[in-house]
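Input: a single structure, listed below in structure tokens.
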Amino acid sequence: MTALGPILFRLIAFVPQLLGVVLVSFLLLKLIPGDPAPMMLGPLATTEAIAKLRAELGLDQPLPVQLWEYLVRLAHGDLGRSWQTTNPVLTDLAIRIPATLELVTLGLALALAIGVPLGLAAGRNAHGRVARLADGYGLGAGAMPDFWIALLLIYVFYTLLGWAPPPLGRLDFAVLPPDRITGSYLIDALLAGDGATALAALGQLALPVATLGLTSAVPILKMTRTTVERLQDSDFVRFADAKGLSNARVSAHVLRNALPSVVTVVGTLYGTLLGGAVLIEVVFSWGGAGQYAVSAVLNADINAALGFVVVTAALSLAVHLVVDLISFALDPRLRLT
């Protein structure tokens, strides 16, 4: 079987997987206490007004009917309208998703810069100082919640040292955002040639990216180290060492063979963080999709919450498809299975 088999299977399974996520999320959100109608009308609303609004929103219909109507709208690309912002959910998410993508992408880039070299060095010399450093880092960073690390970084670098800007969003209040091109303030400022705004955006990114990078590096480190340690006993490594190749060249060959496993972990982390960086967004008032979802759940904004789930689930499934393609490109053996 060629590489097309698993890829076609992933493509065919995309819609059923997404549908399963929507079904489970819809039922779970309906179980959360709270009725959007009284929240929309306010505390002085009459019972008759609430009942009328519930009928207009279709909330008086049986749950299967509500689910079917939502699926029909979803099939037409309509995620509904948020009662908090009064905007279409798709419009709200289009504004906020780039902020989350910017944060997660840079955070994982930092995690790769930490985890891969440290895991490679620790795997090549399992009893050296770097291995002990990796053990300590993995134990410490892996045991700490990401929001705790975020608060610690804020306390040290903002409160004590004053090196970081206030953790109040993607840009300081005194800085105007650049014209929207991609939705990423950093990229848009660079494209516009606005160095001052780019530096301001980079400063705001520093602490949340560091938080994600420090916590996400742990699984990357562990996977890299485990794979490298396993490869240490392989014939090609023994031959390279016996031939007298430099440690750097041998390590490069080992890393080349370890990359498929690392790519799989990174893809899984990316898909997870798209919906899992919520606490980081809340701590830093990031204004991304995660913070939007938290507000939606707390205010019984079902359309907004479900829209977040649908979009992040679709992005996660797309990321896993890309990971499969990269893995097949890196490891020719997978094309023959």
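1 is the number of the first residue of the sequence shown in my numbering; add one for each residue after it. Quick reminder that beta carbons are idealized off the backbone N, C-alpha and C, glycines included.
Going by C-alpha to C-alpha distance, which of the options sits closest to residue i?
i	options	result
Gly275	Tyr292, Gly42, Leu151	Tyr292
Thr211	Glu281, Leu171, Ala248, Leu298	Glu281
Ala99	Ala150, Gln204, Pro36, Val89	Gln204
Ala200	Gly288, Pro178, Gly183	Pro178
Ala150	Tyr137, Leu139, Ala164, Gly138	Ala164
Arg225	Pro117, Pro33, Thr272	Pro117
Asn257	Asp188, Gly193, Ser327	Ser327
Leu202	His127, Glu102, Arg180	Glu102
Thr91	Gly288, Trp68, Thr215, Glu48	Gly288
Ile181	Leu190, Leu18, Ala174	Leu190
Leu139	Val209, Pro88, Arg249, Thr215	Thr215
Gly183	Ile95, Arg249, Asp194	Ile95
Asp35	Ile50, Ala174, Val89	Ile50
Ser261	Val228, Leu152, Pro88	Val228
Ser25	Gln61, Tyr70, Pro43	Tyr70
Ala126	Phe173, Asp233, Pro166, Leu325	Asp233
Measure the CB-CB distance between residue i and residue j and report whether it falls below 9 Å.
i	j	result
Ala111	Leu269	yes
Val22	Val309	yes
Ala141	Ala217	yes
Gly244	Ile114	no
Gln66	Leu59	yes
Leu93	Val237	no
Leu79	Leu306	yes
Val263	Val323	yes
Leu259	Arg10	no
Phe284	Leu207	yes
Val265	Leu231	no
Leu108	Leu330	no
Tyr158	Leu171	no
Ala314	Leu18	yes
Val319	Gly271	yes
Leu41	Leu27	no
Ala37	Ala45	yes
On the criterion of 16 or more Cβ atoms from any shown chain inside 10 Å, does residue i qualify as buried, or is it exposed?
i	result
Asp241	exposed
Ala13	exposed
Gly267	buried
Asn247	exposed
Ile154	buried
Met1	Summary for Met1: the model assigns pLDDT 47, below 50, so the residue's position carries little reliability, and this model does not support an answer.
Leu106	buried
Ser251	buried
Asp235	exposed
Ile32	exposed
Gly290	buried
Val72	exposed
Ala344	As shown, the chain starts at 1 and ends at 337. That puts residue 344 outside it, with no answer to give.
Trp286	buried
Leu317	buried
Thr47	exposed
Asp188	buried
Val15	exposed
Val156	exposed
Pull the bridge partners of residue i from the DSSP assignment, please.
i	result
Arg81	Pro88
Given 8 Å as the limit, tell me if residue i has its C-beta closer than that to any heavy atom belonging to the ligand ZN.
i	result
Pro98	The ligand ZN is not among the ligands present in this structure, which contains no ligands whatsoever.
field: Inter-stretch contact (C-beta, 8 Å, three-pair minimum) for the region 112 to 122 and the region 217 to 228
entry: yes
message: Count Cβ pairs between the region 73 to 84 and the region 297 to 316 that sit closer than 8 Å; are there 3 or more?
response: yes
Inter-stretch contact (C-beta, 8 Å, three-pair minimum) for the region 124 to 134 and the region 145 to 155: no
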